[in-house]
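Just below is one structure, and these are the notes that go with it.
In the working numbering, the protein residues as written are 3 to 284.
Shown next as structure tokens:
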């Protein structure tokens with residue numbers, strides 16, 4: 003059955019000569035603003051939990067992650083609400099200073115609580131799919147930091163961001179059942195990959211696939227000639243793995259081929275044969 007699936011993909015790839023037109027989505031400012039505040043709130047919650055455990059080292063690292071993230075977005079935040087953004091920035095820096103000087107956990111938590119309350123009052127708005135996509139972008143960045151530096155705080159930040167993205171997604175009405183099933187499948191694979199601490203390329207590919215589905219558009223330009231070459235190489239490796247009875251490697255290669263290539267062909271396959279598309283995805 004697995005081999006039949008692989009052959010189906012190859013036939014479809016080489017039979018179709020059309021690719022979806024690349025379209026870089028325009029980032030919505032309000033959703034970007036909301037997602038930035040959500041991520042800041044997640045960082046504050048992790049900082050608070052570390053302080054509750056009397057772990058100043060972790061609290062300092064979570065506070066650093068939060069301040070670095072907020073700081074790199076401060077210019078954008080000011081364009082939406084300069085007074086609020088600057089006051090929040092000052093409070094975050096003051097909190098970090100208090101952690102460095104080893105203020106009592108209770109005093110620091112008393113600083114965090116009103117900040118969390120303020121952030122919780124920011125309305126999500128209607129375009130929750132865009133907010134989830136933004137949160138996943140930071141999830142990807144934090145996971146790469148974890149892989150590169152092996153920092154526990156970046157890993158747990160990744161887990162928290164991923165969990166929160168699913169919480170927000172559950173409030174979003176997904177337009178069709180096939181898309182919902184696909185997103186559920188991608189998130190399940192993403193959860194497993196992060197739990198297994200897979201390489202950041204595999205995690206990044208899954209996040210990109212989810213973002214494409216959420217935004218219903220392509221996020222990068224496609225080099226058609228190169229894409230065909232990538233597909234050929236992947237399936238050459240896949241057949242070697244299958245012939246060697248190395249089904250674990252074969253599965254990884256099939257997933258990579260799907261996430262990096264087949265996703266771009268979905269709209270064209272659907273035009274030619276919708277039932278084939280459904281069979282391939284199942």
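Beta carbons: idealized from backbone N, C-alpha and C, even for Gly.
Bear in mind the structure is a predicted one, so any value in this text is a computation, not a measurement.
If you follow the alpha helix (DSSP H) that residue i is part of, which residue opens it and which one closes it?
i           : result
residue 40  : 31 to 54
residue 208 : 202 to 217
residue 168 : 154 to 171
residue 124 : Here residue 124 belongs to no alpha helix (DSSP H), and DSSP marks it neither H nor E.
residue 131 : 130 to 151
Could you compute how far the alpha carbon of residue i sits from the alpha carbon of residue j?
i           : j           : result
residue 74  : residue 91  : 11 Å
residue 88  : residue 179 : 43 Å
residue 123 : residue 40  : 11 Å
residue 214 : residue 113 : 38 Å
residue 201 : residue 193 : 13 Å
residue 174 : residue 252 : 35 Å
residue 127 : residue 82  : 15 Å
residue 86  : residue 117 : 11 Å
residue 47  : residue 245 : 50 Å
residue 35  : residue 163 : 16 Å
residue 249 : residue 170 : 36 Å
residue 1   : residue 93  : This structure cannot settle anything about residue 1, because the visible part of the chain is limited to 3 through 284.
residue 274 : residue 181 : Model confidence at residue 274 stands at a pLDDT of 48, short of 50, so the residue's coordinates are unreliable and nothing is read from them.
residue 33  : residue 129 : 7 Å
residue 72  : residue 167 : 18 Å
residue 195 : residue 205 : 6 Å
residue 188 : residue 216 : 11 Å
residue 30  : residue 133 : 9 Å
residue 84  : residue 76  : 9 Å
residue 243 : residue 66  : 44 Å
residue 183 : residue 191 : 12 Å
residue 199 : residue 96  : 34 Å
residue 58  : residue 98  : 11 Å
residue 120 : residue 186 : 32 Å
residue 238 : residue 70  : 43 Å
residue 247 : residue 241 : 10 Å
residue 49  : residue 155 : 10 Å
residue 197 : residue 147 : 16 Å
residue 79  : residue 45  : 17 Å
For residue i, which of helix, strand or coil comes out of DSSP?
i           : result
residue 107 : helix
residue 174 : coil
residue 199 : coil
residue 59  : helix
residue 248 : coil
### Query
Are at least three pairs of beta-carbons, each pair with one atom in the segment 208 to 220 and one in the segment 146 to 158, less than 8 Å apart?
Touching, no.
### Task
Spell out a yes or no on whether the segment 158 to 166 and the segment 134 to 142 are touching, meaning 3 or more CB-CB pairs, one atom from each, closer than 8 Å.
Two segments are said to touch when three or more pairs of C-beta atoms, one from each, lie closer than 8 Å; by this definition the segment 158 to 166 touches the segment 134 to 142.
#### Entry: Three or more C-beta pairs below 8 Å linking the segment 97 to 111 and the segment 60 to 68
With the cut-off at 8 Å, the segment 97 to 111 and the segment 60 to 68 touch.
### Task
Examine the Cβ distances between the segment 103 to 121 and the segment 45 to 59 and report whether three or more of them are shorter than 8 Å.
Taking a cut-off of 8 Å for Cβ pairs, the segment 103 to 121 and the segment 45 to 59 touch, as three or more such pairs fall below it.
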